[in-house]
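J.: Per my numbering, the very first residue in the sequence shown carries number 1; after that it's consecutive.
The beta-carbon is built from N, C-alpha and C at its ideal position, and this holds for glycine as well.
Keep in mind that this is a model prediction, so the values were computed, not measured.
Below is one structure. I have some questions about it.
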Amino acid sequence: MPELPEVQAVVNYIRPLLVNLQIARIRNPNTYFKVFETHTKDELNNLVANQTIRDVFRRGKYILIQLDNGYLAVHLRMTGNFKSQLDRNDDMRHISAQFELNNGTSLYYKDYRKFGRIYYFFDLEFLETKLGCEPLSSDFDYYYLHNGLKRSKGVIKTKLLDQSFIAGLGNIYVDESLWRAKIHPLKKCNTISKQKIKQLAISIPQILQKAIDHNGTTIINFSFGNSSIGNYKDELDVFGRTGEECKRCYQCKIKKIFVAQRGTHFCSECQRV
1 MPELPEVQAV
11 VNYIRPLLVN
21 LQIARIRNPN
31 TYFKVFETHT
41 KDELNNLVAN
51 QTIRDVFRRG
61 KYILIQLDNG
71 YLAVHLRMTG
81 NFKSQLDRND
91 DMRHISAQFE
101 LNNGTSLYYK
111 DYRKFGRIYY
121 FFDLEFLETK
131 LGCEPLSSDF
141 DYYYLHNGLK
151 RSKGVIKTKL
161 LDQSFIAGLG
171 NIYVDESLWR
181 AKIHPLKKCN
191 TISKQKIKQL
201 AISIPQILQK
211 AIDHNGTTII
221 NFSFGNSSIG
231 NYKDELDVFG
241 RTGEECKRCY
251 QCKIKKIFVA
261 QRGTHFCSEC
271 QRV
């Protein structure tokens, strides 16, 4: 599933294609109506038609399209992608939504597995009650992280995946951040030292920003735009490197276990329980 850097890459791609234009109509080419989560297609068109798009931004893993009144929101889930044009390899069975704009162009929402969803919110109260702190915001710091972890008896990997605690983090960047901070993924939150929490508070935004600079990570099928992929894969220190030598200690090979049903990568020498 796309995480914060991948979603930001999509936002960066579609924002200049949408801002200051109006939505003429939303179509549903493959007739997969479940893509519209909060309203039917006809209800959506009544709500958004001829509204000007004022901004496009990200909250957690949600893409938010701000209109004159209300917001369209998109969650990409597993295989969602936006394209500005279709090509001969595109199958209309995979095009769940087409946003027709008043300048004659369209933005296509493509989703092989059809897990992605499109919402309309009158305001962002629902998301604000659901999502935690943005890790690239000024609200995220050592004190926020320390206060949250010291109240939790759960394991750190699970806690960091909790979107109500930190919005946007996912499997890849949690593993990378824990390796950077030398914290075992099964370490109990309330037993982590202040020093390591400080390092984790530094590592999380650093890794996320670097991944954004590389347009995210493409492991299997993440893409954005007509043919672009994320190229942070070559920068990964631990994720997906099972059996390879640790880049830091050179004494241990990267191991893989499952935490919260997620494949979890770590160095047992650097990251001790």
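Alpha carbon to alpha carbon, how far is I229 from Q22? Give it in angstroms, no decimals.
T.: Within the sequence shown, numbered from 1, the residue matching residue 22 stands at position 22. Within the sequence shown, numbered from 1, the residue matching residue 229 stands at position 229. So the two alpha carbons sit approximately 28 Å from each other.
J.: According to DSSP, is S228 helix, strand or coil?
T.: Counting from 1 along the sequence shown, the entry for residue 228 is found at position 228. If DSSP states are grouped into helix, strand and coil, S228 belongs with the strands.
J.: Going by the DSSP bridge assignment, what does F266 pair with across the sheet?
T.: For the purposes of this step, residue 266 is identified with residue 266 of the sequence shown, where counting begins at 1. BP columns for F266 point to K255.
J.: Spatial neighbours of L18 within its chain, please: CB distance less than 6 Å, with the 5 preceding and 5 following residues excluded, ordered by chain position.
T.: In the sequence shown, counting from the first residue as 1, residue 18 sits at position 18. The answer, listed in chain order, is I53, V56.
J.: So, helix, strand or coil for Y143, using DSSP?
T.: Start at 1 with the first residue of the sequence shown, and residue 143 comes out as number 143. Correct three-state label for Y143: helix.
J.: Within a Cβ cutoff of 6 Å, which residues of the same chain sit near R180, ignoring the five residues on either side of it in sequence?
T.: As a first step, residue 180 is located in the sequence shown; it is residue number 180 there, counting from the start. If we look at R180 and ignore the five residues flanking it on each side, its Cβ neighbours are S203.
J.: Between D175 and Y112, what straight-line distance do the alpha-carbon atoms span, to the nearest angstrom?
T.: In the sequence shown, the residue the question calls residue 175 occupies position 175. In the sequence shown, the residue the question calls residue 112 occupies position 112. Cα to Cα, the separation comes out at about 27 Å.
J.: Is the beta carbon of H73 sitting closer than 8 Å to the one on F121?
T.: Indexing the sequence shown from 1 puts residue 73 at position 73. Indexing the sequence shown from 1 puts residue 121 at position 121. Here the sequence assigns Ala to residue 73, which means His is not the residue at that position. Yes; because the gap between Cβ atoms is below 8 Å, this pair is in contact.
J.: Given R248, which residues of its chain have a CB within under 6 Å of its CB, disregarding the five upstream and five downstream residues?
T.: Counting from 1 along the sequence shown, the entry for residue 248 is found at position 248. C270, listed in sequence order.
J.: What beta strand (DSSP E) runs, 3 residues minimum, are completely inside the stretch 40-78?
T.: Runs found: 53-59, 62-67, 71-75.
J.: Within this structure, are the beta carbons of L169 and L161 separated by less than 8 Å?
T.: For this step, residue 169 is matched to residue 169 along the sequence shown. For this step, residue 161 is matched to residue 161 along the sequence shown. Result yes, Cβ atoms of L169 and L161 sit closer than 8 Å.
J.: Rounded to whole angstroms, how far is the Cβ of I95 from the Cβ of N30, which I believe are closer than 8 Å?
T.: Position 95 of the sequence shown, counted from the start, is the residue given in the question as residue 95. Position 30 of the sequence shown, counted from the start, is the residue given in the question as residue 30. Yes, they are in contact, since the Cβ atoms of I95 and N30 sit about 6 Å apart, within 8 Å.
J.: Assuming G132 and S164 make a contact with CB atoms under 8 Å, what is their CB distance in whole Å?
T.: Within the sequence shown, numbered from 1, the residue matching residue 132 stands at position 132. Within the sequence shown, numbered from 1, the residue matching residue 164 stands at position 164. With 8 Å as the limit, G132 and S164 qualify as a contact, their Cβ atoms being about 5 Å apart.
J.: For K198, tell me which candidate among R241, F140, D237 has the shortest Cα-Cα distance.
T.: The residue you call residue 198 lines up with position 198 of the sequence shown. It is F140.
J.: Which value, in whole angstroms, describes the spacing of the CA atoms of C252 and K157?
T.: The residue you call residue 252 lines up with position 252 of the sequence shown. The residue you call residue 157 lines up with position 157 of the sequence shown. Roughly 21 Å between the two C-alpha positions.
J.: Which residue from N50, R15, F33, Y144 puts its Cα closest to that of L107?
T.: Start at 1 with the first residue of the sequence shown, and residue 107 comes out as number 107. Comparing Cα-Cα distances from L107 to each of N50, R15, F33, Y144, the minimum goes to R15.
J.: One question on the structure: do I207 and Y173 come within less than 8 Å of each other, judged by their Cβ atoms?
T.: Position 207 of the sequence shown, counted from the first residue, corresponds to residue 207. Position 173 of the sequence shown, counted from the first residue, corresponds to residue 173. Yes; because the gap between Cβ atoms is below 8 Å, this pair is in contact.
J.: Look up Q98 in the DSSP assignment and give the residues it is bridged to.
T.: For this step, residue 98 is matched to residue 98 along the sequence shown. According to DSSP, which records beta bridges pairwise, Q98 is partnered with R27, Y108.
J.: Take H146 as the anchor and find which of Q195, L124, S137, L136 has the nearest alpha-carbon.
T.: By one-based count along the sequence shown, residue 146 stands at place 146. Nearest of Q195, L124, S137, L136 to H146, Cα basis: Q195.
J.: For the beta strand (DSSP E) containing N81, list its first residue and its last residue.
T.: The residue labelled residue 81 in the question sits at position 81 within the sequence shown. That run of the beta strand (DSSP E) goes 80-83.
J.: Which partner residues does E245 have in the DSSP bridge list?
T.: Numbered from 1 along the sequence shown, position 245 holds the residue referred to as residue 245. Answer is K253, bridged to E245.
J.: Assuming L64 contacts V48 under a Cβ cut-off of 8 Å, what Cβ separation, rounded to an integer in Å, is found between them?
T.: What you label residue 64 is simply residue 64 of the sequence shown in a count that begins at 1. What you label residue 48 is simply residue 48 of the sequence shown in a count that begins at 1. Actually they do not touch by this definition, with Cβ atoms about 13 Å apart.
J.: Quick check on Y119 - is its C-beta less than 8 Å from some C-beta in chain B?
T.: Absence of chain B from the displayed structure is noted, only one protein chain being present.
J.: Considering only DSSP beta bridges, list what F36 is partnered with.
T.: Counting from 1 along the sequence shown, the entry for residue 36 is found at position 36. DSSP output for F36 lists I118 as bridge partner(s).
J.: Round the Cβ separation of T217 and L236 to the nearest angstrom and send it over; I've been treating them as touching at under 8 Å.
T.: By 1-based counting over the sequence shown, the position of residue 217 is 217. By 1-based counting over the sequence shown, the position of residue 236 is 236. Contact holds; Cβ gap of about 7 Å.
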